[in-house]
Every structure is written in C-alpha cells, then in structure tokens.
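A.B. asks:
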Amino acid sequence: GESARHRRRGGEVRRDVGAGDPRRLDQFGGLRPADAGGQPPPGPGPLGPALKDSYPEIRNVTRVFGHASAPIRFGDKLFTSQVIGVDPAFFEMFTFPVIQGGVENPLPDSQSMVLTKKTALKLFGTREAVGQTVGFEWWGQWLDFHVTAVVDDIPANSSIQTEIFLPFRFVTLSGMDIES
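Just so you know, we're using my numbering here: the sequence shown kicks off at 1 and counts up by one.
This is the structure:
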C-alpha cells in the first residue's frame with residue numbers, strides 16, 4: 001500500500017506528513033487535524049452549476065471530486081483503486097470511449113460506477129462487468145455500487161488518471177453537503 005508520506009495531491013508528492021505527525025492525510029490527500037474523526041471534509045460547492053445557470057453561453061460544466069485511492073471489493077477480491085467523482089456532463093465533455101454499457105448516460109444514478117477496461121478485467125476477468133455490484137469504502141462505510149459502463153483504458157499522457165468514475169453526488173451518501 002501507499003504510505004501517507006507519499007500520497008499524491010494535485011500532481012505533487014506529499015512528503016510533509018510523517019508517522020509521528022498529529023495531522024493526517026484525508027481520503028483526498030489533504031491535511032486534516034488528527035482529531036477530525038471520521039467526518040468528511042466540507043464538500044465542493046455549487047460553483048459549476050451556478051455558473052452554468054448564470055451564463056447561458058456555458059453549455060456544460062463538470063466538477064471532479066477526489067482523485068482518491070480507495071478500497072473496492074468484489075466477492076473475495078479486495079483492491080485499492082484510484083477513484084474520482086464526476087458530474088454527468090463529464091462524459092460529454094471528455095473523450096473516454098465507452099466499450100461496454102451505457103454510452104448515452106454512463107452514470108445514471110448516485111450508486112452507478114464506470115470502470116476502466118483494466119479495472120474491469122482485474123475484478124471480473126472475462127465475465128461481463130456491466131450489472132455487477134462492487135463494494136466501495138467511503139469514510140469507513142462500505143457502499144454497493146453497480147457497474148453501468150466500462151471505458152477504454154486511459155492513455156498515460158492524459159491529465160485525468162483514474163480507474164473508477166463515480167457520480168459526483170455519491171458524496172452525499174455520507175451526509176456531505178455539496179450544495180453550500
């Protein structure tokens with residue numbers, strides 16, 4: 001596993017948090033006080049949707065939340081995967097070819113999940129990925145998500161590197177407020 005000393009944040013490697021440090025890295029690579037408990041940090045606000053509502057020339061917006069390394073499981077398989085939360089327009093704004101499942105709406109509800117081809121193979125082998133249920137740990141609680149699409153593997157030169165896409169609104173399952 002990846003240690004707190006080397007967890008990535010915003011493209012740089014964090015080396016400022018050691019084992020004896022009273023702060024800890026949160027699930028998103030940000031520093032949090034040691035006594036913050038299991039409460040998630042305040043969620044990203046409604047800036048994107050507010051801008052779209054205020055400026056008619058903005059056709060689409062998407063928020064990206066996370067870039068977290070999170071535990072996922074399928075049956076007796078347990079992995080740590082890179083996960084991000086995205087708004088529905090993400091797949092309209094960026095080219096991630098859907099090779100299996102929902103092309104028109106890859107993330108139709110708050111507990112849907114899109115996997116990369118490599119991640120789908122790691123979890124399911126040659127079995128069909130779409131329709132499978134995968135566990136995802138979010139703030140110490142296991143939640144079930146259903147695979148609704150598989151996208152082709154992300155090229156190494158892409159600035160977006162992840163293995164799993166979740167709907168941005170999934171963060172509300174933990175009680176996090178994303179609207180303020």
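Cβ coordinates follow ideal geometry from the N, Cα and C atoms, glycine included.
For clarity, every value in this text was computed on a predicted model and none was experimentally measured.
Would you call the segment 143-150 and the segment 106-116 in contact, with 3 or more CB pairs under 8 Å?
C.D. replies: The segment 143-150, when compared against the segment 106-116, does touch it at the 8 Å Cβ threshold.
A.B. asks: Work out the CA separation of G101 and V130 for me, nearest whole Å.
C.D. replies: Roughly 6 Å between the two C-alpha positions.
A.B. asks: Report yes or no: do three or more beta-carbon pairs, one from the segment 119-128 and one from the segment 83-90, lie closer than 8 Å?
C.D. replies: Touching, no.
A.B. asks: List, from N- to C-terminal side, the beta strand (DSSP E) runs of 3 residues or more that fit wholly inside the segment 66-141.
C.D. replies: Listed in chain order, they are 77-86, 98-101, 112-116 and 133-138.
A.B. asks: For P167, which of helix, strand or coil comes out of DSSP?
C.D. replies: Three-state result, P167: strand.
A.B. asks: From which residue to which residue does the alpha helix (DSSP H) around P49 run?
C.D. replies: Note, P49: alpha helix (DSSP H), L47 to S54.
A.B. asks: Buried or exposed for W142, please, with buried defined as at least 16 other CB atoms from any protein chain shown within 10 angstroms of its CB.
C.D. replies: W142 is exposed by the Cβ-count criterion.
A.B. asks: Report yes or no: do three or more beta-carbon pairs, one from the segment 54-73 and one from the segment 88-97, lie closer than 8 Å?
C.D. replies: Yes, they touch.
A.B. asks: For L182, count the other beta carbons within 10 Å of its own beta carbon; 16 or more makes it buried, fewer makes it exposed. Which is it?
C.D. replies: Because the chain in this structure spans residues 1 to 180, residue 182 falls outside the shown range and cannot be described.
A.B. asks: What does the alpha-carbon distance come out to for the pair S110 and V98?
C.D. replies: Whole-angstrom Cα-Cα distance: 19 Å.
A.B. asks: For my contact list, F65 and I72 are in at a C-beta cut-off of 8 Å; report their separation, rounded to the angstrom.
C.D. replies: So it is not a contact: roughly 17 Å between Cβ atoms.
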